[in-house]
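Peer 1: So the number in this note's numbering is just where the residue sits in the sequence shown, counting from 1, plus 6.
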Amino acid sequence: MQIINHWPDKAELALPEAVIQTLLDHLIEPFDDEVSAKGFWQEYPSTIFILNDMDTRASLLPLDDVIQHQIAFALEYPEYTEYLALKFMVNLSVTNDEGNGIYLVIHPDSEFYQQQEESHG
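Written out as structure tokens, the structure is:
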């Protein structure tokens, strides 16, 4: 799992290149351009959790309670679920009126993927 609490740099994302590009395009989409998106993220930071194919409910148990709660919230209450490249999935859960949120990127081989497809697909 990877946790990012700022506008992501391509080099730091532990994802295939095609997924990185579609994720960044997805993050920019609600704004006019990347500069506007980055400005929003500076003022209203969001969190990106990347669940890889090895992440399981059991592997999340040792994590801090706040992180566990954020992931559970993003799994249970997404504003939307969309597909990225290579069948990766992204959930967005908005956490306050200002627009801060939790982006949950899920690997297609993760145990969380099938559950999300059934619940929100």
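Ideal Cβ positions, reconstructed from N, Cα and C, are used throughout, including at glycine.
Three Cβ pairs or more, each shorter than 8 Å: is that satisfied between the stretch 18–37 and the stretch 74–85?
Peer 2: no
Peer 1: Counting along the chain, where does the alpha helix (DSSP H) carrying Leu-33 start and finish?
Peer 2: 23–34
Peer 1: Leaving out the 5 sequence neighbours to the left and right, which residues in its chain are closer than 7 Å to Leu-33 when beta-carbon positions are compared?
Peer 2: Ala-43
Peer 1: Counting along the chain, where does the beta strand (DSSP E) carrying Gly-107 start and finish?
Peer 2: Its beta strand (DSSP E) spans residues 107–112.
Peer 1: Mind checking who Asn-97 pairs with in its DSSP beta bridge?
Peer 2: Thr-87, Leu-110
Peer 1: Does Leu-67 come out as helix, strand or coil in the three-state DSSP assignment?
Peer 2: coil
Peer 1: Does the separation of the CB atoms of Ser-99 and Leu-90 fall below 9 Å?
Peer 2: No, the Cβ-Cβ distance between Ser-99 and Leu-90 is not below 9 Å.
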